[in-house]
Every structure is written in C-alpha cells, then in structure tokens.
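To start, the structure under review is shown below, and the notes come after it.
Protein chains: 2
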Amino acid sequence: MTTPFGTLNPSPRLLLGPGPSQISPRVLRACATPLLGYLDPEYLALMDETQALLREVFETKNAWTFCAPGTGMAGMEAAFINALEPGDEVLICVQGAFGERMVEIARRLGAKVTRVDTEWGRATQPEQVAEALRTARPKVVALVHAETSTGVLQPLEEIARLAHEAGALFLVDCVTSLGGMPVRADAVGMDIAYSGTQKCLGAPPSLAPMTFSPAAVEAYHARKAPVPSFYLDAGQFWRYWGPERAYHQTGMITMIYALREALLEVHEEGLAARSARHRRNQRALIAGLEAMGLTLLVPDPTWRLPSLTTVLVPEGVEDKAVRGALLEKYGIEIGGGLGRLAGRGGRGGRGGFGASG
Amino acid sequence: MTTPFGTLNPSPRLLLGPGPSQISPRVLRACATPLLGYLDPEYLALMDETQALLREVFETKNAWTFCAPGTGMAGMEAAFINALEPGDEVLICVQGAFGERMVEIARRLGAKVTRVDTEWGRATQPEQVAEALRTARPKVVALVHAETSTGVLQPLEEIARLAHEAGALFLVDCVTSLGGMPVRADAVGMDIAYSGTQKCLGAPPSLAPMTFSPAAVEAYHARKAPVPSFYLDAGQFWRYWGPERAYHQTGMITMIYALREALLEVHEEGLAARSARHRRNQRALIAGLEAMGLTLLVPDPTWRLPSLTTVLVPEGVEDKAVRGALLEKYGIEIGGGLGRLAGRGGRGGRGGFGASG
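Structure follows, in structure tokens:
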C-alpha cells in the first residue's frame, strides 16, 4: 500500500551540539533488541546491572540510584519535587538557563526561592553562597555542575560544605557532566543528583539517571504530605528499582537496553581515561577556535567545561546562518545560544562517541 | 577488556501480557536509526508526521495532539494536572486499578474527588454518573475506556453527554484501546484523552500520545495559576510540537522514530481492519479458553475488551506458577492480576504485532 509518508531515512549527522550526542553503533544496535516484559526476571536483572553501572559513574554507594522515566528535565523536576514541599525554602545558584529553569520549577512547586545570581559565563563563588546563608535558612541548596547554556564547570566542594553546615541538602544538576568528567557524588557530598542519557553517556534522550543520599531519603520519608506527583515520586521509583519490584509505570525497556550498553562503554573505557579524553579534545578544539580568531564565552580557562565549549558569535555574523550552513552543507550540528545568549553563542559539545570537537 | 556484565541477549519472548506488546521487526529497526538533533528540520518534519498520524488514530481534528515525554502514566498525570487546580472538583468512575490510580493522582494534586464505584469486571452505567451529577459539580468527569486490570470495555457516548450537560470536561484513558479499537475522540466528545505506545500501537513503552479539545485548551488558558509541573505542562508540549518549536525538553528521538513507524503500520492496515482483527482474535482466544473449561472475569460479552482478556484462576491453581511455567518453558508472557485481583486473574493482551491471543 502507498502512503504519503516517506521511509524513515534521516540524513547522516555529526552531532556536536549540546545534546543529543553521537550514539555508537553498539548502543544503536541495543535499541533494536526485542522487548522483554517490564517484570520479566531477565529484564529485572538488566535493571540491576544498569543500577550498578550508574553507581559507578556517579561514584556513589547510594541505594536510591535509578532512572526517572523521562528526559533530564524529568530528573530536574523529580529532584525538586521529592525534596521540597510547598512553602519550603530553597537557595538556587543561577548562572545560566538551567539555573533559571530550576527557579521556575521550584516556584511552580510552591517553594520559596532565594537566588544567588552570577554573570553568565562565570562560576558561582562560595562567598556568594556563604553571604546568602547568613539570612536564608533553605532546606535545599541547588546548582548546576555543568551549565549547558554557558559552558561553565562549577566547582562544588566548598559550596557542598556550606550547604551541609547550614543543615541543607545539596542538589546538583549533572546533565552535562555525568560520564564526561568526574562527578564523585559521595566525595563531593551531593544529596540529590540527576543527569540525562543523551550527553556524555552517549545514549538516546529518554531517561534521567538519579541518585539520593541517605540524608535525602530520610528527608523524603519525613515529608508532611506525599509528593504531589505520582509519576515523579522517587519512593515509587525505588519500589520498582528496589527489592519490592512493584508496578509504578511500564519500564522504558528499549531505552534501558541502550543506557546499559552506553554505561558498559563508560565502564570499559574507565572514568579516568574518558575524562582525560574529553579534556584533550577540549584543548584541541579551543586551540583551533582561537587560531581562527574566535572568542570563547567563558573567560577563565579553569571554568571551561570539558564537554561543551561556548563561542561568541563575531560581530557581523548571523549565528543562525552559520548553524544552518554547517547542518546543510556538512551535516554537522552545533547548538545555538539559549535564553539571554540567544543569537550570541554557538555551542559545541563533545560528549559521547566520536564527538571529538 | 573483560567485564562482569554479559552481552545483551535476552531470551526470545512472545509478549501476550497487558504490555509491552510484541514489536514488529520494522519498528525495532526504526529504533536503531542514527539520531537527529531535537530541533533538526528533518526531525521536526518527523514530529509533524507523527502528529498527523496521531490525529488519524485518535480520530480527531484537535490542534493540541502530541506526546507527553513519558509512559502512559505520564499521560494520565499530564491529563489531570493540566485540567485541574488544587480545590477543583473531579468525578472519577472507578472499576479497576487504573481508575484507582486516577483517584490517587487527582488527590495528590489537591483536587476534590467524587468517586463512582463499580464492581471490578463490570462497566460504569450512565445512570450512576447521572445520579452522582445531581449533587457533584465537577470540572472534569474521568474514566478509563479500556480498563487494563479487568478487561472491561467502557461505553462512552452517554457518559460524555452527561459530563458536557453538567459543564464538565470529559477525560478518558485510552491506554489499552488506542490503535486496537475505535477511539473516535471527536465523535465521542473527549476533551482530554491519553494513551501509551506499548499496547495496541505496537511501539516500545516511553511516550504518551495525548489530545486536547478546543474546550480543554480554553480551560488550560483560563487557569488561575500555572501548571505546578513544568515537565508535564501541556502548554509547553504545544510550544515544542506546535509552530513555535521552543525548547521544552530534549525530544525522545529514538522513541519518536519507533512511534511514527508503528503509527504507519496502523495507517497502512487501516483502523477498521485492525479493529476487526482484534475482535476476531479475541473470539478465537475466548472460544479456546472456554473449551478448556476456564471462566472469564467479565461476565457480559459486550463489555469484553477486544485487546485484553481476563481469565479467573481456577480453584487450586497457583497463578504465579502458571505464569512462571509459561515464561520459562515456552517464552510466553501473560500478566498477573493487578490490585484487588492479585493472584486471581491472568491477563492476556493481544494488541500489536503478531500477538494473536
């Protein structure tokens, strides 16, 4: 039978934007594996392996390590909705579009938000947080480890210490860091961390790896009211991923196949070697960009993300035209500026397979 | 390098449970297609085609027709969270585990729930709804079209009329009906309908097809406060799926490839032929079951779901042992009883490819 719809045959792309990243043939092949039932003992064993591999990449011993059934944004929302109740205070460090989104999500949940703002392209300084904590009494201190919109790598240790001294949980967005650089959730003192599958892990977008420290689990159990979302209730995730194996939602079987395969690639390469590869490729990319006379958005080299580099669009150049030409002529995708950087910055990520900048 | 983790090589299964259903080779192959960026013009064109195909299968002209980025449960939660605000009244018809889940979700959102309860295995009668509407003044009347936990097909027209006469929106769960039997969203008068991809559509679990009538969109715009969830905000879905093409979350590219391919299979077979195939297979399955001396949970043949048949476990038989033996000896999956039917009913679905009961 004829149909007005064509055969699925997308043009080949080299994905160097901020995500999705390039996927290896091995992970793509995993996506074509016939399904198991979501409670099939063989599928539950694959979930257990995925969980073990997630603990490796987060560098954590946390029991509550699993995936939220949605993209990285589901991870962000699950992190806040499980930690906060309406009226709770939260301190959010904002230095880019994803910090802004944290504020929006926390406000929609009815939390009282204290902002610590930093110029886009720079990292939040511990002194700013210390200053804010003189008056604020937040239940949670939140920030973005690798701000995708600016290309800034945020140092965490000092701010984690300040958060804990103030009796707050430390919540970290690791969407563009997990798998591409050390995250060290336990050593840093992260209480809630989340990520996405489509950046430095090299799987398709669909799932949000997450981990909750014992303190975060304790705070969850001490809630006055149930989490207002059933779909993003971390206790429900644990009922499915933990020993109970209760039905919460139908597992995203194909996407777990893919994530497990991508995590095996991380496991086999090793976190240290993978991190060094990202750093090496970043240095090569930046050397090339600077040799072309381009200026980076992030002035301080120590703040530059190994996994994503932001370039200022030169005077007189129209960024959309450059991106369009790269895509159409060469099949290469890079990202445009987000939020207040719209039209001002092009973003090249290099997480995942073959994306060497 | 060696690893303690084995090669991905699940045992072959014939998935005859309540979902995921068997996936065709063509849809599996679509899952292995290299990624496009989530704003790539070629990807946006595939989203448009998916949207057109979803309108066909829902039988609707609604503009707001798209997928929530999560499994069918995300569709359920998105349906309620976009329609209701805390304190709003909702009338929910409960005749199985998914009606119960609607109640749980609506309560977590802070809605005031009026229940219309029906014995599990039977359909809600319009008189019950009319009776409840004598005192209740709900903003939404909600029910499940195809109750997966009992195998009941719920007649809708009369209850839709009663809901509209009472000035309420009519919200319908089509998770186990869409693609397997007529849903006719516009003709029935559905205001919000949602489904999952892993049942009668024959794609992997991951996305929740949804549609909102103009009245539902109007109610969305008349909200007093923003939807408390950013991730499940239908207005944000529309910003991405509609002409604006704004970034809400990274699209689930692989899963859209799969869903589009599965919807093309529906399109090519035709809704009427597909529906007749399900009915034919259901009759053959039931004839076989009755010849074996088994009793069905649903007494009235007109209420029996074409896509899912529930069998009572005979006295002296342990359902878990039967299901385990089917899986281990023959690689066949059927479902166990859910909720108050745990241990009492085995469920065989026949949505999707090759699942002929």
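Protein chains in written order, with the working numbering: chain E, 5 to 361; chain B, 5 to 361.
Even for Gly, the Cβ is constructed at its ideal location relative to N, Cα and C.
Give the residues from the stretch 252-264 of chain E that approach chain B closer than 8 Å (Cβ to any Cβ), ordered along the chain. When CB distances to chain B are screened at a threshold of 8 Å, the residues of the stretch 252-264 of chain E falling below it are 252, 253, 254, 255, 256, 257, 258, 259, 261, 262 and 264, in chain order.
Inter-residue Cα distance where the pair is residue 242 of chain E and residue 220 of chain E: On the first sequence, residue 242 of chain E is found 238 positions in, with the first residue counted as 1. On the first sequence, residue 220 of chain E is found 216 positions in, with the first residue counted as 1. In this model, residue 242 of chain E and residue 220 of chain E are separated by some 13 Å (Cα to Cα).
Would you mind listing the alpha helix (DSSP H) stretches within the stretch 86-141 of chain E that are 4+ residues and don't spill past its ends, in chain order? For secondary structure counted as the alpha helix (DSSP H) over 4 or more consecutive residues, the stretch 86-141 of chain E holds these complete runs in sequence order: 101-112 and 130-136.
Per the DSSP calculation, residue 314 of chain E is bridged to which residue(s)? As a first step, residue 314 of chain E is located in the first sequence; it is residue number 310 there, counting from the start. Answer by DSSP bridge pairing, in chain order: E:351.
Residues in the stretch 280-314 of chain B having any Cβ partner in chain E nearer than 9 Å: Hits within the stretch: zero.
Terminal residues of the continuous alpha helix (DSSP H) containing residue 54 of chain B? The sequence position of residue 54 of chain B within the second sequence is 50, counting from 1. Residues 45-62.
Residue 102 of chain B versus residue 256 of chain B - alpha carbon distance: Position 98 of the second sequence holds residue 102 of chain B. Position 252 of the second sequence holds residue 256 of chain B. Straight through space, the alpha carbons of residue 256 of chain B and residue 102 of chain B are spaced by roughly 25 Å.
Minimum Cβ-Cβ distance from residue 361 of chain E to chain B less than 9 Å: By 1-based counting over the first sequence, the position of residue 361 of chain E is 357. Note on residue 361 of chain E: pLDDT 28, under 50, position unreliable in the model; the coordinate value appears next. With its beta carbon at least 9 Å from every one in chain B, residue 361 of chain E lies outside the interface.
Please classify residue 203 of chain E as buried or exposed, where buried requires at least 16 other C-beta atoms within 10 Å of its C-beta. As a first step, residue 203 of chain E must be located in the first sequence, where it is residue number 199. Label assigned to residue 203 of chain E: buried.
Cβ distance (whole Å) where residue 75 of chain E is taken to contact residue 213 of chain E below 8 Å: By 1-based counting over the first sequence, the position of residue 75 of chain E is 71. By 1-based counting over the first sequence, the position of residue 213 of chain E is 209. Contact flag wrong, Cβ pair sits at about 11 Å.
Would you check if the distance between the CB atom of residue 370 of chain B and the CB atom of residue 173 of chain B is smaller than 9 Å? Residue 370 of chain B lies beyond the range of chain B shown here (5 to 361); nothing can be said about it.
Can you tell me whether residue 317 of chain B is buried or exposed, with buried defined as 16 or more other CB within 10 angstroms of its CB? Taking the first residue of the second sequence as position 1, residue 317 of chain B is located at position 313. The residue is buried, with at least 16 neighbouring Cβ atoms inside 10 Å.
Beta-carbon proximity list for residue 185 of chain E, same chain, < 7 Å, skipping 5 on both sides: Taking the first residue of the first sequence as 1, we reach residue 185 of chain E at position 181. In chain order, 279, 282, 310 and 311 place their CB closer than 7 Å to the CB of residue 185 of chain E, counting only its own chain and leaving out the 5 sequence neighbours on each side.
Taking all protein chains shown into account, do 16 or more other C-beta atoms lie within 10 angstroms of the C-beta of residue 321 of chain B, making it buried, or fewer, making it exposed? Taking the second sequence and counting its residues from 1, one reaches residue 321 of chain B at position 317. With fewer than 16 other Cβ atoms within 10 Å, it is exposed.
Limits of the unbroken beta strand (DSSP E) element including residue 175 of chain B: Counting from one through the second sequence, the residue named residue 175 of chain B turns up at place 171. Note, residue 175 of chain B: beta strand (DSSP E), 173-177.
How close, in whole Å, do the beta carbons of residue 191 of chain B and residue 31 of chain B come, if the pair is a contact with beta carbons under 8 Å? Working through the second sequence from its first residue, we reach residue 191 of chain B at position 187. Working through the second sequence from its first residue, we reach residue 31 of chain B at position 27. Their Cβ separation, rounded to whole angstroms, is 28 Å, which puts residue 191 of chain B and residue 31 of chain B out of contact at 8 Å.
Return the CA-CA distance between residue 238 of chain B and residue 112 of chain E, expressed in angstroms with no decimal places. Against the second sequence, residue 238 of chain B aligns to sequence position 234. Against the first sequence, residue 112 of chain E aligns to sequence position 108. Distance between the alpha carbons of residue 238 of chain B and residue 112 of chain E is about 14 Å.
Given 8 Å, three or more beta-carbon pairs between the stretch 91-110 of chain B and the stretch 330-339 of chain B: Under the 8 Å Cβ criterion, the stretch 91-110 of chain B does not count as touching the stretch 330-339 of chain B, having fewer than three qualifying pairs.
Proximal residues, the stretch 232-243 of chain B versus chain E, C-beta separation under 9 Å: The stretch 232-243 of chain B vs chain E, Cβ under 9 Å: 232, 233, 234, 235, 236 and 237.
Chain E contact residues for residue 344 of chain B, given Cβ-Cβ distances below 9 Å: Within the second sequence, the letter at position 340 stands for residue 344 of chain B. Those within 9 Å of residue 344 of chain B in chain E number zero; the least Cβ separation is about 14 Å.
If I measure Cβ to Cβ from residue 89 of chain E and keep anything under 7 Å in the same chain, skipping five residues before and after, which residues do I get? Looking up residue 89 of chain E in the first sequence gives position 85. Excluding positions up to five away in sequence, the list reads 227, 228 and 229.
Using the Cα positions of residue 145 of chain E and residue 97 of chain E, report the straight-line distance between them to the nearest angstrom. Along the first sequence, read from residue 1 onward, the residue named residue 145 of chain E stands at position 141. Along the first sequence, read from residue 1 onward, the residue named residue 97 of chain E stands at position 93. Residue 145 of chain E and residue 97 of chain E: Cα-Cα distance of roughly 8 Å.
In chain order, each alpha helix (DSSP H) run of at least 4 residues that lies wholly inside the stretch 199-271 of chain B: Segments of the alpha helix (DSSP H) lying fully in the stretch 199-271 of chain B: 218-225 and 238-245.
Mark residue 195 of chain E as exposed unless 16 or more other C-beta atoms lie within 10 angstroms of its C-beta, in which case mark it buried. Walking along the first sequence from the start, residue 195 of chain E turns up at place 191. So residue 195 of chain E counts as buried.
6 Å CB neighbourhood of residue 122 of chain B in its chain, flanking five on each side removed: Numbered from 1 along the second sequence, position 118 holds the residue referred to as residue 122 of chain B. The residues are 99 and 128.
So what does DSSP say about residue 165 of chain B, is it helix, strand or coil? Here residue 165 of chain B is taken as the residue at index 161 of the second sequence, counted from 1. In this structure, residue 165 of chain B counts as helix in the three-state DSSP scheme.
Consider the Cβ of residue 350 of chain B: report whether some Cβ of chain E lies at a distance smaller than 9 Å. Against the second sequence, residue 350 of chain B aligns to sequence position 346. For residue 350 of chain B, the answer is no, since every Cβ of chain E falls outside 9 Å of its Cβ.
Got a sec, what are the start and stop residues for the beta strand (DSSP E) residue 147 of chain B sits in? The residue labelled residue 147 of chain B in the question sits at position 143 within the second sequence. Start and end: 144-148.
Cβ closer than 8 Å: which chain B residues qualify as neighbours of residue 112 of chain E? The count along the first sequence starts at 1 and reaches residue 112 of chain E at position 108. For residue 112 of chain E, the chain B residues whose Cβ falls inside 8 Å of its Cβ are 230, 231, 232, 233 and 234, in order along the chain.
So, for residue 178 of chain E: in the same chain, excluding its five sequence neighbours on each side, which residues have a beta-carbon less than 6 Å away from its beta-carbon? As a working note, residue 178 of chain E is residue 174 in the first sequence. Apart from sequence neighbours up to five positions away, the residues of its chain that approach residue 178 of chain E with a beta-carbon distance below 6 Å are 149, 187, 197 and 199, ordered along the chain.
7 Å Cβ cut-off: residues of chain E touching residue 36 of chain B: By 1-based counting over the second sequence, the position of residue 36 of chain B is 32. By Cβ distance, chain E contributes 32, 33, 35 and 36.
In the structure shown, what three-state DSSP assignment does residue 80 of chain B receive? Locating residue 80 of chain B in the second sequence gives position 76, where the first residue counts as 1. For residue 80 of chain B, the secondary structure class from DSSP, reduced to helix, strand or coil, is helix.
Leaving out five residues before and five after residue 167 of chain B in sequence, what residues of the same chain have Cβ atoms less than 6 Å from its Cβ? Taking the second sequence and counting its residues from 1, the one referred to as residue 167 of chain B is at position 163. These residues qualify, in order along the chain: 145 and 174.
Give me the Cβ distance between residue 153 of chain E and residue 342 of chain E, rounded to the nearest whole Å; I'm assuming they're in contact under 8 Å. Locating residue 153 of chain E in the first sequence gives position 149, where the first residue counts as 1. Locating residue 342 of chain E in the first sequence gives position 338, where the first residue counts as 1. At roughly 4 Å, the Cβ-Cβ gap stays under 8 Å, so residue 153 of chain E and residue 342 of chain E are in contact.
Let me confirm a value: residue 141 of chain B is counted as buried when at least 16 other C-beta atoms fall within 10 Å, else exposed. Which label applies? The residue labelled residue 141 of chain B in the question sits at position 137 within the second sequence. The Cβ neighbour count for residue 141 of chain B, taken over all protein chains shown within 10 Å, is under 16; the residue is labelled exposed.
Chain B within 9 Å of residue 78 of chain E, Cβ atoms only: Here residue 78 of chain E refers to the residue found at position 74 of the first sequence. Interface with chain B (9 Å Cβ-Cβ cutoff): residue 78 of chain E is included.
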